[in-house]
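Chains as they are written, first to last, in the numbering used here: chain A, 223 to 324; chain B, 223 to 324.
Only one structure is covered here, and it is reproduced in the block below.
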DNA sequence: CAGTATCCGTATCGATACTG
DNA sequence: CAGTATCGATACGGATACTG
C-alpha cells in the first residue's frame, strides 16, 4: 500500500471499467449473483436500453459475465464468470475511495 | 473478496479513472514520487500535450495531484496528494487483474 | 421481457502548430 | 520546458420508437 511499490500495466481493467455505467452495473452483479435486464433498468437511474445492451454485450464478449437463457420462460439472466468475480477487489477499493472522498 | 459483500457507490473513483489515459498516468506517479510534464510525454506512448494537459488539470482540480512550480528553474513537478496516494490500492488491483487476464 | 433500429448531438480525443 | 490554440474526425451515448 505504500506509494512506492511498482504499478505496471493496467490496461485490460481500464478497457472495461472505463466505459460509462460499467462500474455501476458491475456492483449489482457482485451483490445479486444473477441479474435480469429489466432489473438493471429499474435500479440504475438514467441508463437506456440501448446503452445497457451495449454494456452487457461488451462484458459478455470479454468473458466477464455470461448469459443464461431459459427460452421457455422467455427471460434470461446474466451472472458473473470467475473472471468477472475477480473484479470485486477493484470495485471494493473504488467504493472505499469514493466514500472517503465523496 | 467474496462476491456477496456489499458494493456501494463507486462514482467518485469512476469519474477519475474513467478518463482515457488517467490510470496509465497515475501509475507513473505511484512509482516516481514526482513527475514532470515532458517525462510523461516520453514515457506514455501516444499521448499528446493537449490531452496530457487536460488530464493533469483535471487531476489537480480533484485534489489528486499538486503542482509544484519552481519558477527560477523554469520547470515544474507534479506529485500525488494524500488523496491521490490512496488511489494506489485500486491501481494495484487493476494491475493484478490485468496481468492475470492479459 | 429483452432487447434492436434509427437518428442525432456532443464530448472526447488526435494532429499539428505555435507560445511564454 | 511546459504548455495553449485551433480544427476536425469519430466514437459515444441519449431519446425515442419499435419488435421477436
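Every residue, glycine too, gets a C-beta built ideally from N, C-alpha and C.
Task: Nearest residue (CA-CA) to residue 301 of chain A, options A:313, A:268, A:274 and A:258 - done: Locating residue 301 of chain A in the first chain gives position 79, where the first residue counts as 1. The candidate whose alpha carbon is nearest that of residue 301 of chain A is A:258.
Task: Bounding residues of the beta strand (DSSP E) (the contiguous stretch that carries residue 291 of chain B) - done: Taking the second chain and counting its residues from 1, the one referred to as residue 291 of chain B is at position 69. Element bounds for residue 291 of chain B: 287 to 292.
- [ ] Can you tell me which of B:250, B:234, B:285 and B:292 puts its alpha carbon nearest to the alpha carbon of residue 265 of chain B?
- [x] Indexing the second chain from 1 puts residue 265 of chain B at position 43. The option with the nearest alpha carbon to residue 265 of chain B is B:250.
Open item on the list: Bridge partners for residue 297 of chain A per DSSP, in chain order?
Closed with: Locating residue 297 of chain A in the first chain gives position 75, where the first residue counts as 1. A:292, per the DSSP bridge assignment.
TODO: Determine the extent of the alpha helix (DSSP H) in which residue 306 of chain B is found, giving its start and end residues.
DONE: Here residue 306 of chain B is taken as the residue at index 84 of the second chain, counted from 1. 304 to 307 is the span of the alpha helix (DSSP H), which, as asked, contains residue 306 of chain B.
Task: chain B within 8 Å of residue 273 of chain A, Cβ atoms only - done: Start at 1 with the first residue of the first chain, and residue 273 of chain A comes out as number 51. At least 8 Å separates the CB of residue 273 of chain A from every CB of chain B.
Task: Length of the line joining the Cα atoms of residue 263 of chain A and residue 291 of chain A - done: Within the first chain, residue 263 of chain A is the residue found at index 41, counting from 1. Within the first chain, residue 291 of chain A is the residue found at index 69, counting from 1. Their backbone Cα atoms lie some 18 Å apart in a straight line.
Task: Simplified DSSP assignment, three categories, for residue 252 of chain A - done: Along the first chain, one-based indexing puts residue 252 of chain A at 30. In this structure, residue 252 of chain A counts as helix in the three-state DSSP scheme.
Task: Identity of the residue in A:305, A:287 and A:310 nearest residue 299 of chain A by Cα - done: Translated into the one-based positions of the first chain, residue 299 of chain A becomes position 77. A:287 is the residue among A:305, A:287 and A:310 whose C-alpha sits nearest the C-alpha of residue 299 of chain A.
Open item on the list: Checking the sheet assignment: what are the DSSP bridge partners for residue 232 of chain B?
Closed with: Within the second chain, residue 232 of chain B is the residue found at index 10, counting from 1. Answer is none; residue 232 of chain B lacks a bridge partner.
Task: Distance CB(residue 244 of chain A)-CB(residue 277 of chain A) smaller than 8 Å - done: The residue given as residue 244 of chain A occupies position 22 in the first chain. The residue given as residue 277 of chain A occupies position 55 in the first chain. Contact: yes.
Open item on the list: According to DSSP, residue 257 of chain B sits in a beta bridge with which residue or residues?
Closed with: What you label residue 257 of chain B is simply residue 35 of the second chain in a count that begins at 1. In DSSP, residue 257 of chain B forms a bridge with B:300.
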